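Peer 1: Under full-length UniProt numbering, the first residue of the sequence shown carries the number 7, and numbering increases by one thereafter.
Using N, Cα and C, we set each Cβ at its ideal position, and we do this for glycine too.
Quick caveat, the model's predicted, so the values are computed rather than measured.
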Amino acid sequence: NKQIVLKNYVNGFPKESDLILNASATISLKLPEGSKAVLVKNLYLSCDPYMRGRMSESKGSYVDSFTPGSPIAGFGVAKVLDSGHSNFKKGDLVWGLTGWEEYSIINSLETLFKIQDTDVPLSYYTGILGMPGMTAYAGFYEICAPKKGEYVFVSAASGAVGQLVGQFAKLSGCYVVGSAGTKEKVDLLKNKFGFDEAFNYKEEQDLEAALKRYFPNGIDIYFENVGGKMLEAVLSNMRFNGRISACGMISQYNLEQGEGVRNLVNIVTKSVRMQGFIVSNYFHMYPKFMEMVMPLIKEGKICYIEDVAEGLESGPAALVGLFSGRNVGKQVVVVARE
Ligand code: NDP
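(1) Could you check whether the region 93–112 touches the region 73–85, counting it as contact only if at least three pairs of C-beta atoms, one from each stretch, sit closer than 8 Å?
(2) Can you tell me whether DSSP reads Asp313 as helix, strand or coil?
(3) Drop a sphere of 10 angstroms on the beta-carbon of Gln211, count the other beta-carbons inside from all chains shown, and report buried for 16 or more, exposed for fewer.
(4) DSSP has Tyr68 in a bridge; who is on the other side?
(5) I'd like the list of long-range same chain contacts for Lys96, defined as Cβ closer than 8 Å, with 5 residues on each side in sequence excluded.
(6) Determine the DSSP secondary structure at Pro222, reduced to helix, strand or coil.
(7) Figure out for me which residue from Lys13, Ala151, Thr124 has the closest Cα to the Cα of Met280.
(8) Tell me the start and end of each unbroken beta strand (DSSP E) in the region 72–133 that is at least 3 residues and wholly inside, in chain order.
(9) Please classify Ile134 as buried or exposed, where buried requires at least 16 neighbouring CB atoms within 10 angstroms.
(10) Considering Cα atoms alone, identify which of Val69, Thr104, Pro20, His91 is closest to Gln9.
(11) Taking the alpha helix (DSSP H) that Arg58 falls in, what are its first and last residues?
(12) On the criterion of 16 or more Cβ atoms from any shown chain inside 10 Å, does Asn243 qualify as buried, or is it exposed?
(13) Go through its chain and collect everything with a Cβ distance to His91's Cβ below 7 Å, but skip five positions before and after it.
(14) Give a single yes or no on whether Cys309 has its beta carbon closer than 8 Å to a heavy atom of the ligand NDP.
(15) Are there any heavy atoms of the ligand NDP lying less than 8 Å away from the beta-carbon of Phe201, as far as the coordinates show?
(16) Taking only runs of the beta strand (DSSP E) that begin and end inside the region 257–303, which ones reach a length of at least 3 residues, in chain order?
(17) Quick one: Cα of Leu51 to Cα of Tyr228, how far?
(18) Just list the residues that DSSP pairs Ser185 with in beta bridges.
(19) I think Ala163 touches Leu195, with their Cβ atoms under 8 Å apart; what is that distance to the nearest whole Å?
(20) The alpha helix (DSSP H) with Lys176 in it runs from where to where?
(21) Run through DSSP, which three-state label would Met244 get?
(22) Where do the ends of the alpha helix (DSSP H) carrying Tyr143 lie?
(23) In terms of residue numbering, what span does the alpha helix (DSSP H) encompassing Leu325 cover?
(24) From the DSSP output, in three-state form, read off Leu25 for me.
(25) Please determine whether the Cβ atom of Val16 lies at a distance below 8 Å from any heavy atom of the ligand FAD.
(26) According to the neighbour-count rule (16 or more other Cβ atoms, all chains shown, within 10 Å of its Cβ), is Gly274 buried or exposed?
(27) Considering only the beta carbon of each residue, do Gly224 and Tyr157 sit closer than 9 Å?
(28) Using C-beta distances below 6 Å, list every residue in its chain close to Asn28, excluding the 5 sequence neighbours before and after it, in chain order.
(29) So, helix, strand or coil for Phe146, using DSSP?
(30) Short of 6 Å in beta carbon distance, which residues of its chain neighbour Leu325, apart from the five on each side in sequence? Order them along the chain.
(31) Pick out whichever of Arg268, Leu328, Val271, Val16 has its Cα sitting closest to the Cα of residue 350.
(32) Hey, how far is the Cα of Gly102 from the Cα of Ser64?
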């Protein structure tokens with residue numbers, strides 16, 4: 007049972023060598039008598055920025071740290087090989103929290119969902135139909151309550167969550183601009199995902215001025231994925247009664263101490279509402295989300311780009327690549343295709 011193991015707790019930027027391949031572990035492909043767990047073969051693993059927090063020694067984060075020497079865990083798509091629980095049976099396809107290894111025994115079944123619809127690529131259940139999709143849905147519709155004609159800005163816009171937020175914003179009749187870190191990503195935003203405008207934030211000397219250029223009348227909704235300097239620039243470009251969905255702040259995840267934020271006073275003077283959220287608190291809305299998103303995919307009204315790394319061995323580079331923007335779209339690792 008090949009596994010990806012955390013070597014030791016990480017400080018600063020994670021490196022590929024912080025994660026190592028253990029090729030010598032073994033596992034029985036039958037559950038012990040009386041087990042209530044589910045034994046799965048892992049197919050697709052999801053690389054997600056929040057996993058960086060789990061690579062640090064616990065600082066009272068909302069998720070537990072990984073254990074050095076043990077395989078890391080995350081969201082994935084898997085096939086059930088044996089089940090001690092009546093909700094799952096051999097042959098079922100599932101998505102949810104699993105291990106970064108070929109085979110896993112899953113004990114926490116509250117974050118394991120049966121896949122009903124296999125007319126779409128299975129890997130979509132790590133992205134558009136999985137945790138990032140739910141994040142875009144909850145963070146945009148529930149937190150921002152968008153209205154037709156509003157001005158929307160999305161950062162890390164070509165990523166797993168951002169590409170969907172932009173498309174949701176267009177479907178809601180909003181004007182939407184995205185930022186991303188390369189020309190290739192900016193082109194995708196404009197030509198593939200239908201953003202009205204997009205820019206490469208790395209090429210802008212003055213982010214405040216860049217936003218003023220794209221939003222001469224200000225921003226109604228900011229979908230926050232990055233934090234730091236971008237948040238400061240957004241704050242001084244917000245409109246009256248604006249909303250900020252604080253989804254993530256990836257620019258802060260590798261810092262020993264988070265940066266302070268300038269321009270916060272705009273929250274007062276412009277009556278801005280900024281709200282953070284954790285997607286797992288919205289998983290009860292998953293059926294409603296699927297009802298909306300599945301037809302959109304099948305009718306070709308929404309698209310999704312994945313960056314697929316082949317083989318469990320490629321997992322470490324794929325995961326740490328999120329923090330240098332190496333991924334173009336949702337970063338997935340293929341362990342096996344069936
Ligand atoms: P992405 O697929 O967008 O991958 C991360 C991207 O972030 C990179 O490709 C890179 O793109 C960008 N990035 C990396 N470092 C920086 C930096 N220092 N400054 C600016 N941009 C940077 O990831 P996801 O879509 O999965 O996640 C997006 C955000 O949503 C993250 O902050 C994540 O933590 C958050 N999240 C929150 C959840 C919640 O429950 N609240 C659930 C899921 C995700 P680029 O080339 O454009 O720089």
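Peer 2: From the atom records:
(1) yes
(2) strand
(3) exposed
(4) Paired residues: none, contrary to the question.
(5) Val86, Leu87, Asp88, Ser89
(6) coil
(7) Ala151
(8) 79–89, 99–105, 109–112, 118–120
(9) buried
(10) Thr104
(11) Counting along the chain, the alpha helix (DSSP H) containing Arg58 begins and ends at 57–60.
(12) buried
(13) Lys42, Val44, Leu115.
(14) no
(15) no
(16) 279–282
(17) 29 Å
(18) Answer is Phe205.
(19) 6 Å
(20) 168–177 is the extent of the alpha helix (DSSP H) around Lys176.
(21) Of the three classes helix, strand and coil, the one that applies to Met244 here is strand, per DSSP.
(22) 137–143
(23) Start and end: 321–327.
(24) strand
(25) Ligands present in the displayed structure are limited to the ligand NDP, and the ligand FAD is not among them.
(26) The sequence shown places Val at residue 274, not Gly. Flag for Val274 reads exposed.
(27) yes
(28) Gln9, Val11
(29) Residue state, collapsed to three classes: helix.
(30) Cys53
(31) Nothing about residue 350 can be reported from this structure: the residues present for the chain run from 7 to 344 only.
(32) Cα to Cα, the separation comes out at about 23 Å.
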